[in-house]
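Let me begin by presenting the structure, written as structure tokens, before commenting on it.
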Amino acid sequence: MSDKKRLFLIDAYALIFRGYYALIKNPRINSKGMDTSAIMGFMNSFLDVIKRERPDHLAVCFDKGGSDARNEMYEAYKANRDETPNAIRLAIPYIEKILTAMHIPIMVKEGFEADDVIGTLAKKAEKEGYQTFMVTPDKDFAQLVSENIFMYRPVFGGGYETWGIPEVRKKFEVTDPLQVIDFLGMMGDSSDNIPGLPGVGEKTAKKFLAEFGSMEGLLENTDKLKGKMKEKVEANKELGLLSKKLATIMLDVPVEFNAKDFEMSEPDVTEVTKIFEELEFRRLTDNFVKAFSIEAMAAPGTSHQPPSTNKGSNNSLPLGEMSKGQRGQKTISSSAGQGQFSLFGGDSEPSVATEVYSSRKTIETTEHFYQTVQAGIGRKLFLQNLLKQTSVCFDTETTGLNPLTAELVGIAFSWEAGKGFYLPCPDDREETQHLLEQLRPFFEDEKIEKIGQNLKYDIKVLAKYNVVVKGKLFDTMLAHYLINPDMRHNMDVLAETYLNYTPVSITELIGKKGKNQLSMRDIPIEKQTEYAVEDADVTLQLKEHFQNELGEANIQKLFDEIEIPLLRVLADMELEGINLDEAFLKKLSVELDKDILNLEKHIYEAAGEEFNIASPKQLGEILFDKLKLIDKPKKTKTGQYSTAEDVLSYLAKDHKIIRDVLEYRGLAKLKSTYVDALPEQVESSTNRVHTDYMQTVAATGRLSSNNPNLQNIPIRTERGREVRKAFIPRDKDYVLLAADYSQIELRIIAALSEEENMIEAFKNGEDIHSSTAAKVFNISLEEVTREQRSNAKTVNFGIIYGVSAFGLSNQTDLSRSESKELIDTYYKTYPKLRNYMSEQVDFARDNGYVQTVLGRRRYLKDINGRNQVVRGAAERNAVNAPIQGSAADIIKIAMINIHKILSEGSFKTKMLLQVHDELVFDVYKPELEAMKTMIKSEMEKAYIMKVPLDVEIGVGDNWLEAH
DNA sequence: GCGACCTCTTA
DNA sequence: GTAAGAGGTCGCC
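Each residue of the first sequence is one higher than the one before, starting from 1 at the first, in the UniProt record's numbering.
As structure tokens, this is what we get:
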């Protein structure tokens, strides 16, 4: 890098938009319901640039009031851009506030776009001998690139690329970056509403530039063109010249480049931290500190003093002193000078940095009394005291995350905020068992309420020691899931959000996961105590917080009668596991391998070379660049060719290679995801597969399953279905029983909407899709064709998801207008269904949430949003969440009741799996008839509505047969 | 080794 | 159009 001074000019809006849309699928929402994606996205990029580049000079440039000049030239200019999303408009003042607090120069010029401001400044700085980096993803800026002016472009997937003259030449196939203007003028830009020349796209524009060098060159030489293109270009000369003007970044904005104004200076750390905390940003504080500490190094004289700390001042407790000694060295308050805090050189420790600047409380700034209880008289007294309590929070510490194999390391207890006890477990398993026998009276006391975060885990761990946790339970994770299902529920987040407290981080304690990660057992007992008791203490405090909120949102009943009892049910199912026929899968794997190799051979032959078929990138290049199977291949959002199923299926009938690729894909997926992966997941200690049900992940109230996911085992295709044969009963005395709710979601929507036409059909036991077809097409049930039924079925499902004519036509052979007609007739047939749907949307608009039959809520923050797309999604959620969620509620009730009957009746039959509308059981053969009746009846009467629920029972020697 | 992206599996 | 989890590739650190 040359020793020239460097200026970074940041295109604020471009980075804000990019940040916002990058997170659109998974927007960051804080506890106040504010969408902070745009702020977060922008700040991440911004701090990243500073951290990477340590610029001497920089400015962030905003637009204000749009470009007067361009609006004058062309009134449609940027007119039909989508309206700025609300979240972005709200973000701007925050971003300005943060930048101001950071003392970052902000450039705005009323009546000019940021492009023009940046362009003008870049050129002026160049004259002063600066190297300028324009930080923007917007390719329009390429026209400004020169020997000393560069584009600094964030790329998807992280990192940046610098575009100098060679890069621009290559990207745009031009000799001079100025030709980028001609390029943009020719092909136009829909997002900026630059019209461009009709019929000219990227390819043609490049061709024209290569031949004529510029827009003017092209327009003077239209006689060299032929056919349609000639006519079009000649007819649009004016438009071409205008487009070029619109695409030209102006270099005469009345702004001055005074180097002094662009110098980096010391930020107001307290203020920045305050704003971040208000927004509930956590990791960003790390990044901020990191980015600016480096700058402190580069510019001696600036130093960053932390806000006043009272660290350690009131720590008179023994444990506090221990930790003070451990941590003192890392904190700035104990270091002599500013150099100490430099993170220069790469050995940075972000978590430490956060601590220094955060005003959040930590174990070091909070008075606490955490005590280690060793064997002997102390423990005896502790146990006596423990049994006197009515409500106790506990937390187990183990050697790992798998409760089947993890060993207890210690147990923490707390029943008063700020206080708690830790009982370390001996390394020896038998001695630990002995300790647990002493604790058994506590755990099995029905009268003592047990509080915890993710109690399912602790209950499973203790079950392995034959200890049953009895009595009332309060799980803070479940409570928060009901309070706000769209947020995350891990304890660190909850503590920071609700208690303004940062708990000791587990990674700080045992290291990042991977080769060097320690086990809790390797940590000194004093440290274990701090960490474990803090968890119990924090959880106890969270409980106080959440208890009130449950009442306020009317979800107490749902919590007490569904989620809490279900936790025990799930723990039992997970501990039970399911038997897997490994030999069968092994055989299947060999067969698949043979077929895959064969397909590979055919594909390589057709392609004329060997390549990685599993790489969408390589596959796309072979199919569309080399074999040119199609003129205009569809691209993904990252600019790769799309090789997705629907794209390829469309081509399949004409090309054998495509059919082979699709089959290859199917088989490879099957093999890697299921046939080969499942045997790996067999738990050696039980010889069974134990999935982990997540009770707080799905925003609608459904469960999810992982390690392995047993809720997506193939069934649709013949080859895939084979995998189900590998799920088998415990032994020859057992069979598998599968019980499925038939059309539960449609029944729910029929019942909730009180749509008589549909209710009657269900009551009469009609095939609902045929019945719908008969009504919609106005024919008798007997006259319904397969195609009509199939279309009716698609609409029925579509309704549940909030269908559009567009979506429907994509899924059927129907055209867009036929789809629209079908939907219209459908609504006429079932008028109350439509009413119900709009009622849900209205309810959400008025209340901000929708709810299920049991009152489970889902908050829809975008329901009154201005952005069409985002609001549309919220409206579909308003329709779908109560349906999907009510179905989830109902099967949960059934599971709880069935589990109760099975355990109280000491049946040998066990419930093993839940797949949203299906339950799978390992049934002891002598109990089979009783089970069939009991399960069907319990599931059907779990929740009584105006539509009867119907359950289909299947029995077999494997999961497939049971269907 | 980690994360983004793409693709594919289920209800 | 709703709700999930997982595997392979590829670029980044």
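Virtual Cβ for every residue (Gly too), placed ideally from N, Cα, C.
**Request:** Keeping to the same chain, check which residues put their C-beta closer than 7 Å to that of Gly471; ignore five residues upstream and five downstream.
**Result:** Asp445, Glu446, Lys447, Ile448, Glu449 and Lys450
**Request:** Find the nearest neighbour of Ser886 within the set Ile863, Glu431, Val850 and Ile901, judged by alpha-carbon distance.
**Result:** Taking only the C-alpha atoms, the option nearest Ser886 is Val850.
**Item:** Whole runs of the beta strand (DSSP E) within the segment 864 to 929, excluding any shorter than 3 residues
**Value:** 910 to 914 and 918 to 924
**Prompt:** Just how far apart, CA to CA, sit Thr497 and Arg360?
**Reply:** Cα to Cα, the separation comes out at about 10 Å.
**Request:** Please classify Phe843: does DSSP put it in a helix, a strand, or coil?
**Result:** Three-state DSSP puts Phe843 in a helix.
**Asked** Does the segment 555 to 565 come within contact of the segment 409 to 419, defined as at least 3 CB pairs closer than 8 Å?
**Response** No, the segment 555 to 565 does not touch the segment 409 to 419.
**Supposed contact pair Asp395 and Ala532 - C-beta distance, whole angstroms, cut 8 Å** = 6 Å
**Request:** Leaving aside the five residues before and after Ile944 along the sequence, list all residues of the same chain whose C-beta is less than 7 Å from its C-beta, in chain order.
**Result:** Non-local beta-carbon contacts of Ile944 in its own chain, meaning distances under 7 Å to residues more than five positions away in sequence, are absent.
**Request:** Give me the Cβ distance between Gly19 and Ser37, rounded to the nearest whole Å; I'm assuming they're in contact under 8 Å.
**Result:** The Cβ separation is near 7 Å, so the contact holds.
**Cα-Cα separation, Pro105 to Asp261** = 7 Å
**Item:** Nearest candidate by alpha-carbon position, reference Leu814, set Ser804, Lys832, Gly798 and Asn791
**Value:** Asn791
**Request:** Tell me the start and end of each unbroken beta strand (DSSP E) in the segment 98 to 166 that is at least 3 residues and wholly inside, in chain order.
**Result:** 106 to 108, 130 to 135, 149 to 154 and 160 to 163
**Prompt:** Roughly how far, in whole angstroms, is the beta-carbon of Asp581 from the beta-carbon of Ala726, given that I think they are within contact range, below 8 Å?
**Reply:** Going by Cβ atoms, the distance from Asp581 to Ala726 rounds to 5 Å, so yes, they are a contact pair.
**Asked** Does DSSP classify Leu9 as helix, strand or coil?
**Response** strand
**Asked** Can you tell me whether Val951 is buried or exposed, with buried defined as 16 or more other CB within 10 angstroms of its CB?
**Response** Using a 10 angstroms sphere on the CB of Val951, the tally of other CB atoms reaches 16 or more, which defines it as buried.
**Glu266 - DSSP class collapsed to helix/strand/coil** = coil
**Request:** Excluding the 5 residues preceding and the 5 following Pro254 in the sequence, name in chain order all residues of the same chain whose CB lies nearer than 8 Å to its CB.
**Result:** Lys109
**Request:** Apply the 10 Å Cβ neighbour rule to Gly551 and answer buried if 16 or more other Cβ atoms are within range, or exposed otherwise.
**Result:** exposed
**Straight-line Cα distance separating Ala87 from Met34** = Looking at the two C-alpha atoms, the distance is approximately 8 Å.
**Asked** Got a sec? Which residues, its chain only, sit under 6 Å from Tyr674 by beta carbon, not counting five neighbours each side?
**Response** Answer for Tyr674: Val723, listed in chain order.
**Message:** Within a Cβ cutoff of 7 Å, which residues of the same chain sit near Thr700, ignoring the five residues on either side of it in sequence?
**Reply:** For Thr700, same chain residues with a beta-carbon under 7 Å away, outside a window of 5 residues either side, are Arg858, Ala881, Gln884, Gly885 and Ala888 in chain order.
**Asked** When DSSP labels each residue in this structure, what does Glu449 get in the three-state scheme?
**Response** strand
**Item:** Length-filtered (4 minimum) alpha helix (DSSP H) runs lying within the segment 793 to 824
**Value:** 805 to 811
**Item:** Cut-off 8 Å between Cβ atoms - residues of its own chain near Glu818, not counting five sequence neighbours on either side
**Value:** Cβ within range, chain order: Ser809.
**Message:** Which residue marks the beginning of the alpha helix (DSSP H) containing Arg568, and which one marks its end?
**Reply:** Ile564 to Glu576
**Asked** By Cβ distance below 7 Å, which residues in the same chain neighbour Glu754 in space, the five residues on each side in sequence not counted?
**Response** Lys832 and Lys946
**Asked** DSSP state of Ile715, grouped into three classes?
**Response** coil
**Item:** Inter-stretch contact (C-beta, 8 Å, three-pair minimum) for the segment 707 to 715 and the segment 684 to 691
**Value:** Judged by Cβ distances under 8 Å, the segment 707 to 715 makes contact with the segment 684 to 691, as three or more pairs qualify.
**Prompt:** From the DSSP output, which residues share a beta bridge with Cys61?
**Reply:** Asp11 and Met107
**Request:** Could you tell me which of Leu949, Asp957, Val853 and Leu251 sits nearest to Lys763, measuring between CA atoms?
**Result:** Leu949
**Request:** Given a cut-off of 7 Å, decide if Leu540 and Ser672 are closer than it, judged by their beta-carbon atoms.
**Result:** no
**Asked** Taking just the CA atoms, how far does His489 sit from Met477?
**Response** Going from the Cα of Met477 to the Cα of His489 covers about 6 Å.
**Item:** Inter-residue Cα distance where the pair is Asn757 and Glu683
**Value:** Computed Cα separation, rounded: 50 Å.
**Request:** Mind checking which residues open and close the alpha helix (DSSP H) that includes Thr497?
**Result:** Met491 to Leu499
**Request:** Pull up the DSSP beta-bridge partners for Thr396, would you.
**Result:** Ile411
**Ile622 - containing beta strand (DSSP E), residue span** = Element bounds for Ile622: n/a, residue is neither H nor E.
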